[in-house]
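In the working numbering, the protein residues as written are 1 to 182.
First the structure, in the form of structure tokens, and then the observations on it.
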């Protein structure tokens with residue numbers, strides 16, 4: 001049986017654009033954080049910014065000025081119930097703190113904005129800003145130490161681009177496919 005690759009979160013830094021009409025270069029910063037357990041599912045949401053003007057009769061029904069950023073939502077689970085020695089419990093918040101760092105300003109700029117983050121799992125790569133983290137602690141040791149947590153994460157895309165890695169089964173199949181008969 002093949003093990004699934006673990007999902008990762010990694011801090012990003014955008015380099016200055018070389019010219020006005022060129023996209024910013026994205027660089028990864030520091031090591032990627034592997035999650036303890038992969039998410040059971042991912043939810044990708046994209047919506048249009050729809051103006052529903054034209055209240056009176058004869059007015060325009062609606063206009064569609066643009067697309068809003070996509071969001072990626074998922075839950076991460078952490079469990080330390082089997083870690084530690086007898087009588088010594090490992091607080092699960094030591095693991096969840098690694099995820100919480102992505103909603104805090106970088107240590108070298110404490111008054112700056114939260115960092116851009118890359119979520120990567122298999123062929124899915126999603127760059128954005130973590131908009132929301134909700135941590136549920138749901139299993140405790142007899143002394144009250146939290147041992148299990150579910151962290152709900154919501155990332156908002158920053159560049160209207162949902163990326164897939166360049167070499168996927170679909171691209172491999174397309175490269176070897178024969179052309180259709182005309």
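Ideal placement from N, C-alpha and C gives every residue a C-beta, glycine not left out.
Since this is a predicted model, take the numbers as computed values, not measurements.
*Among 133, 151, 139, which residue has its Cα nearest to the Cα of residue 80?*
139
*Apart from the five residues just before and just after residue 15, which ones in its own chain have a Cβ nearer than 8 angstroms to its Cβ?*
24, 25, 26, 27
_What does DSSP give as the partner residue(s) for residue 151 in the beta ladder?_
76, 135
*Can the beta-carbon of residue 124 be found closer than 8 angstroms to that of residue 42?*
Yes.
*Verify whether the separation of the beta carbon atoms of residue 92 and residue 142 is less than 8 angstroms.*
no
*Mind listing, in chain order, the continuous alpha helix (DSSP H) runs of no fewer than 4 residues lying wholly within the region 75 to 120?*
93 to 100
*Distance, residue 29 Cα to residue 13 Cα*: 6 angstroms
*Determine, using beta carbons only, whether residue 70 and residue 45 come nearer to each other than 8 angstroms.*
yes
*What number of angstroms, rounded off, separates the C-alpha of residue 107 from the C-alpha of residue 118?*
18 angstroms
_Here's a check: name, in chain order, each residue in its chain whose Cβ is nearer than 7 angstroms to the Cβ of residue 105, leaving out the five neighbours to either side._
111, 112, 113, 114
*asked:* Can you tell me whether residue 10 is helix, strand or coil according to DSSP?
replied: strand
*Provide the residue(s) that pair with residue 25 in DSSP beta bridges, ordered along the chain.*
Looking at the DSSP assignment, residue 25 forms no beta bridge with any residue, so it has no partner.
_Which residues does DSSP list as the beta-bridge partners of residue 123?_
Per DSSP, none; premise fails for residue 123.
*Beta-carbon contacts of residue 38 that lie in its chain and below 7 angstroms, excluding the five residues immediately before and after*: 4, 6, 7, 121
*By a C-beta neighbour count over all protein chains shown, 10 Å radius and 16 as the cutoff for buried, is residue 188 buried or exposed?*
No answer is possible for residue 188: the residues shown for the chain start at 1 and end at 182.
*On the premise that residue 149 lies in contact with residue 78, defined as a C-beta separation below 8 angstroms, what is that separation, rounded to the nearest angstrom?*
Beta-carbon to beta-carbon, residue 78 and residue 149 are separated by about 5 angstroms, close enough to satisfy the 8 angstroms threshold.
_Alpha carbons only, please: which of 102, 90, 36, 144 is nearest the one belonging to residue 130?_
102
*From residue 48 to residue 18, what does the alpha carbon distance come to, in whole angstroms?*
Computed Cα separation, rounded: 30 angstroms.
*asked:* Please classify residue 97 as buried or exposed, where buried requires at least 16 neighbouring CB atoms within 10 angstroms.
replied: exposed
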